[in-house]
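Everything below concerns the one structure shown next.
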Amino acid sequence: MAALVPSPLPRHVAIIMDGNGRWAQRRGLSRIEGHKRGKESVRAVVEASRRLGIDYLSLFAFSTQNWDRPRREVEALMGLLRRFLRSELRDMLKNGIRLRAIGDIKRLPAALQHELQETCAATQHNHDMTVVLAVSYGGREEIVNAARALAQAVRDGRVQPDTIDERMFGSYLDTAGIPDPDLLIRTSGELRLSNFFLWQSAYTELYVTNTLWPDFREAEFLEALAHYRERDRRFGRVTAQVERERLRAAR
Ligand code: FPP
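Mapped onto numbering that gives the first Met the number 0, the consecutive letters of the sequence shown carry residue numbers 0 to 250.
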């Protein structure tokens, strides 16, 4: 049954930005050109999110598995990320955007690590929107790291095993303090999570478009949001319960 009242805008949107390579190959360009063009889509989506009042935007920029790509492509991506941080800092500060980085940051080249830390620190007091950049990130790795840290806490006597619940486990993840994504967008048509936000996406609405990331701009983003607002999110309950709560909240 369709929802009577449309869902509000998502508070947290996560994006798997896929298809840069295919976009470039179809035009006879190098894959790196596709990533460069993809950077413009990042800009467009960040701007639209800020304007719409979305609180959190998470971008899967580089996965743990992406380290296995050809060295030249990895280096180009690292360079692009670094230039992006440099060129966007002023805009982030002006627009009240906070940057948070998640993933195995220590694996990144020193100069990029430095740039990331500086940008995160410079924007940490901004509260209008948070951009979460997942770099050298893998969902399974994140869960294993959390389990390891919790095991250590138990061994040190700081945590009792029977007090471990979902909330506590979540606080050991890279995304501690960030609400779970309401909407996860994947571009370029593949129907998989590719190791992104495995824990966090338990009740996330999924939206997959065939549009390749470099072509995903504001219009495509608005379309994804419109689809989301038609979804009937029940979190395991029945529609009538959810509708009652939504009406109560709207009063
Ligand atoms: C996937 O496309 C995309 C990536 C691995 C990198 C994403 C990077 C950007 C969008 C550019 C810079 C990002 C920021 C945040 C400034 P793919 O190469 O896997 O495409 P394919 O599946 O068509 O080969």
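We put the CB at the ideal spot given by N, CA and C, even for glycine.
Return the first residue and the last residue of the alpha helix (DSSP H) that Glu74 is part of. Its alpha helix (DSSP H) spans residues 70-93.
According to DSSP, Ser62 sits in a beta bridge with which residue or residues? The partner list for Ser62 (beta bridge, DSSP) reads Tyr136.
By alpha-carbon positions, which one of Asp155, Leu221, Arg232 ends up nearest to Glu204? Nearest Cα to Glu204 within the set Asp155, Leu221, Arg232: Arg232.
Can you give me the start and stop residues for the alpha helix (DSSP H) that Tyr227 sits inside? Where Tyr227 is concerned, the enclosing alpha helix (DSSP H) starts and stops at 217-228.
Please state whether the Cβ-Cβ distance between Ser62 and Pro213 is less than 8 Å. Result no, Cβ atoms of Ser62 and Pro213 do not sit closer than 8 Å.
Might you give, ordered along the chain, the residues of its own chain that have their beta carbon closer than 6 Å to the beta carbon of Arg36, omitting 5 neighbours on each side? Here the set comprises Pro213.
Do you know offhand how far Gln151's Cα is from Asp67's? Each residue's alpha carbon lies about 31 Å from the other.
Using the C-alpha atoms, what's the distance from Ser200 back to Arg81? The straight-line gap from Cα to Cα measures roughly 28 Å.
Residue from Glu219, Arg236, Leu190, Ala218 whose Cα sits closest to the Cα of Tyr202: Among Glu219, Arg236, Leu190, Ala218, the Cα nearest to that of Tyr202 belongs to Arg236.
Selected residue, minimal CA-CA separation from Leu197, among Ile15, Pro69, Ala248, Ala47: Nearest C-alpha to Leu197: Ile15.
Assuming contact is defined by CB atoms lying nearer than 8 Å, are Pro178 and Val12 in contact in what I supplied? Taking 8 Å as the cut-off, the beta carbon of Pro178 is found no closer than this to the beta carbon of Val12.
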